[in-house]
Amino acid sequence: MAKSDELQRQTLRVLAEMGAPGKPLSARAAGERLDIGYNQIADMARGKAPAEKTLIKFAASIGESAADWLRYAGKHEFAKTLGATDSAAAPQEQQWLHLVARELAEVPPKRRVLLQRQIRALIRATAGPTDEEK
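In this note's numbering, the protein residues as written are -6 to 127.
Here you go:
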């Protein structure tokens, strides 16, 4: 399979964002955090596209569009089946969602279930109208 420079560039960007300043996260550490095989992440960092399922899981884990990641890997036809990217969402909202997804990925797996319940409860508690809106 041909090397995808865009897939390589985007993967290295994500590893740099997940790591410490000036020190990108290793494929092994990213694999542990995102619950994805580190060999697939290492291949992506070299520009080699993994299976569609892996790309979709990776994109979901980092809070980005699966269709975009499929396009980075050159899988344009498969990306079309997922639909267009979420261009309707504001860029600021997309950045916030990406940040939250990255932070959640750093939570140890044993604590994720509890954290997800707490987040859902917080969303339900704040979803109603505020006193100012009543």
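Backbone N, C-alpha and C define an ideal beta-carbon position, used for all residues, glycine too.
A quick note: this is a predicted structure, and the numbers were derived from the prediction, not measured.
Taking the Cα positions, E10 is about 8 angstroms away from L18.
Relative to the Cα of E86, the nearest Cα in the group Q1, E57 and H69 belongs to E57. The beta carbon of M37 sits closer than 7 angstroms to those of L0, T4 and P43, all from its chain and outside the five residues before and after it, given in chain order. Under DSSP, K16 forms a beta bridge with A13. For D36, the enclosing alpha helix (DSSP H) stretches over residues Y31 to A38. As summarised for the region 64 to 105, the continuous alpha helix (DSSP H) elements at least 4 residues long and confined to that stretch are 69 to 75 and 84 to 98, given in chain order. Around the beta carbon of L8, 16 or more other beta carbons sit within 10 angstroms, so the residue counts as buried.
Around the beta-carbon of A20, 16 or more other beta-carbon atoms lie within 10 Å, marking it buried. For W62, same chain residues with a beta-carbon under 6 angstroms away, outside a window of 5 residues either side, are L48 and A52 in chain order. Only buried fits L27, as 16 or more other CB atoms lie within 10 angstroms of its CB. Straight-line spacing of the CA atoms in G24 and R104 works out to 18 angstroms.
DSSP places E57 outside any alpha helix (DSSP H), giving it a letter other than H or E.
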